[in-house]
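Enquirer: So the sequences go chain by chain: A and B.
Numbering-wise, our numbering puts 17 at position 6 of the first sequence, and it's gapless, one number per residue.
Numbering-wise, our numbering puts 97 at position 16 of the second sequence, and it's gapless, one number per residue.
Quick reminder that beta carbons are idealized off the backbone N, C-alpha and C, glycines included.
Keep in mind that this is a model prediction, so the values were computed, not measured.
I am attaching a structure below and will ask some questions about it afterwards.
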Amino acid sequence: EAQVTQNPRYLITVTGKKLTVTCSQNMNHEYMSWYRQDPGLGLRQIYYSMNVEVTDKGDVPEGYKVSRKEKRNFPLILESPSPNQTSLYFCASSFRAGNYNEQFFGPGTRLTVL
Amino acid sequence: GESVGLHLPTLSVQEGDNSIINCAYSNSASDYFIWYKQESGKGPQFIIDIRSNMDKRQGQRVTVLLNKTVKHLSLQIAATQPGDSAVYFCAETYGGSQGNLIFGKGTKLSVKP
Numbered sequence: 012e013a014q015v016t017q018n019p020r021y022l023i024t025v026t027g028k029k030l031t032v033t034c035s036q037n038m039n040h041e042y043m044s045w046y047r048q049d050p051g052l053g054l055r056q057i058y059y060s061m062n063v064e065v066t067d068k069g070d071v072p073e074g075y076k077v078s079r080k081e082k083r084n085f086p087l088i089l090e091s092p093s094p095n096q097t098s099l100y101f102c103a104s105s106f107r108a109g110n111y112n113e114q115f116f117g118p119g120t121r122l123t124v125l
Numbered sequence: 082g083e084s085v086g087l088h089l090p091t092l093s094v095q096e097g098d099n100s101i102i103n104c105a106y107s108n109s110a111s112d113y114f115i116w117y118k119q120e121s122g123k124g125p126q127f128i129i130d131i132r133s134n135m136d137k138r139q140g141q142r143v144t145v146l147l148n149k150t151v152k153h154l155s156l157q158i159a160a161t162q163p164g165d166s167a168v169y170f171c172a173e174t175y176g177g178s179q180g181n182l183i184f185g186k187g188t189k190l191s192v193k194p
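Okay, here's the thing in structure tokens:
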């Protein structure tokens, strides 16, 4: 089944404790992206990747890192999480950037930073 | 920076009526627009898209209208059904940075039976 998976789905952590949210897709997609969703603010893009080893900042990249060492995986790294990073995070992928008509979203990761 | 916004945060319609969800965008360079539907507890789902060289595009029960003069986008849903209840987002991007997708804040559509 074609899908985007994220892990964990729920995470409660404390300020400053490094964490990684994994994202994996099984569709051989080139483009992958991370968003955060906050009430009243909609979805905001954190980082995106056009292909392996190619990553770019979105609108809200501060406090986040990403890597794209292999095509299927696009982990989101919070080196020192802070409470303002409490949010719902979505990973998405599509065959290429711009192919948003076939963009698949993951199920979301709800992160709480205490 | 550029932003995509919405005129109405909530919309309540009667089942069977038509729904119109509006969106204003501020980046005149944006050339590709997408509407997404997000049901509770799920990720966004693509509904329909439109490029800036078009004014109108129709899908199954949905129509997107683009008015570049006033930088306005709308989504029309015909014969709204309870299953259409969700939050709807518009999003924009432009050819120079197709990887950067900017979402609006969303409109919650509630369908009354």
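If you draw a straight line from the alpha carbon of D67 of chain A to that of S93 of chain A, how long is it in whole angstroms?
Expert: C-alpha separation (whole angstroms): 22 Å.
Enquirer: What is the DSSP secondary structure of E113 of chain A, reduced to helix, strand or coil?
Expert: DSSP places E113 of chain A in helix when its eight states are reduced to three.
Enquirer: What is the rounded straight-line gap between the Cα of K137 of chain B and the Cα of L146 of chain B?
Expert: Taking the straight line joining both Cα atoms gives about 5 Å.
Enquirer: Between G27 of chain A and S91 of chain A, is the Cβ-Cβ spacing less than 9 Å?
Expert: Yes, the Cβ-Cβ distance between G27 of chain A and S91 of chain A is below 9 Å.
Enquirer: Sort out for me which residues DSSP pairs T31 of chain A with in a bridge.
Expert: Paired residue(s): A:I88.
Enquirer: Here's a check: name, in chain order, each residue in its chain whose Cβ is nearer than 8 Å to the Cβ of S133 of chain B, leaving out the five neighbours to either side.
Expert: Answer for S133 of chain B: S111, D112, Y113, F114, L147 and K149, listed in chain order.
Enquirer: For a contact defined as C-beta to C-beta under 7 Å, what are the partners of L52 of chain A on chain B?
Expert: Chain B residues near L52 of chain A: K186.
Enquirer: Rounding to the nearest angstrom, what Cα-Cα distance links S121 of chain B and K189 of chain B in this structure?
Expert: Each residue's Cα considered, the two are about 11 Å apart.
Enquirer: Helix, strand or coil for Q96 of chain A, going by three-state DSSP, please let me know.
Expert: In this structure, Q96 of chain A counts as helix in the three-state DSSP scheme.
Enquirer: Could you tell me how far apart the beta carbons of Y42 of chain A and I57 of chain A are, in whole angstroms, since I believe they sit closer than 8 Å?
Expert: Not confirmed; about 14 Å, so no contact.
Enquirer: Going by C-alpha distance, which of A:Q14, A:L122 and A:V77 is nearest Q126 of chain B?
Expert: The candidate whose alpha carbon is nearest that of Q126 of chain B is A:Q14.
Enquirer: Compare the Cα-Cα distances from K82 of chain A to each of A:Y111, A:V25 and A:S44 and report the closest residue.
Expert: Taking only the C-alpha atoms, the option nearest K82 of chain A is A:S44.
Enquirer: Have a look at B:A167, B:Y175, B:L156 and B:D130 and flag the residue whose alpha-carbon is nearest the alpha-carbon of C104 of chain B.
Expert: When each option's Cα is compared against that of C104 of chain B, the closest is B:L156.
Enquirer: Starting from Q14 of chain A, follow its DSSP beta bridges and name the residues at the other end.
Expert: DSSP, once it has assigned bridges, lists no residue as partnering Q14 of chain A.
Enquirer: Taking the alpha-carbon of N62 of chain A as reference, which of A:Y21, A:T24 and A:K80 has the nearest alpha-carbon?
Expert: When each option's Cα is compared against that of N62 of chain A, the closest is A:K80.
Enquirer: For S121 of chain B, which beta-bridge partners are listed by DSSP?
Expert: Paired residues: none, contrary to the question.
Enquirer: List, in order along the chain, the chain B residues whose C-beta lies closer than 8 Å to that of M61 of chain A?
Expert: Per Cβ cutoff of 8 Å: G180.
Enquirer: Just to confirm, are G119 of chain A and G187 of chain B a CB contact at a threshold of 9 Å?
Expert: No.
Enquirer: Just list the residues that DSSP pairs E173 of chain B with in beta bridges.
Expert: DSSP output for E173 of chain B lists B:F114 and B:I183 as bridge partner(s).
Enquirer: Return the residue from the list B:I102, B:A172 and B:P90 that minimises the CA-CA distance to A159 of chain B.
Expert: Looking at the Cα atoms, B:I102 is the closest of the given residues.
Enquirer: Would you mind sorting E96 of chain B into buried or exposed? The rule is 16 or more other CB atoms within 10 Å of its CB.
Expert: Its Cβ having fewer than 16 others within 10 Å, E96 of chain B is exposed.
Enquirer: Check whether chain B comes within 9 Å of S44 of chain A, counting only Cβ atoms and requiring the distance to be less than that.
Expert: Yes, because at least one Cβ of chain B sits closer than 9 Å to the Cβ of S44 of chain A.
Enquirer: Got a sec: which bits of the stretch 90 to 113 of chain A sit with their beta carbon under 8 Å from any beta carbon on chain B, in order along the chain?
Expert: So the list reads F101, A103, A108, G109, Y111, N112 and E113, given in the order they occur along the chain.
Enquirer: Output, in chain order, the set of chain A residues within a Cβ distance shorter than 8 Å of D130 of chain B.
Expert: Under the 8 Å cutoff, chain A gives Y111 and N112.
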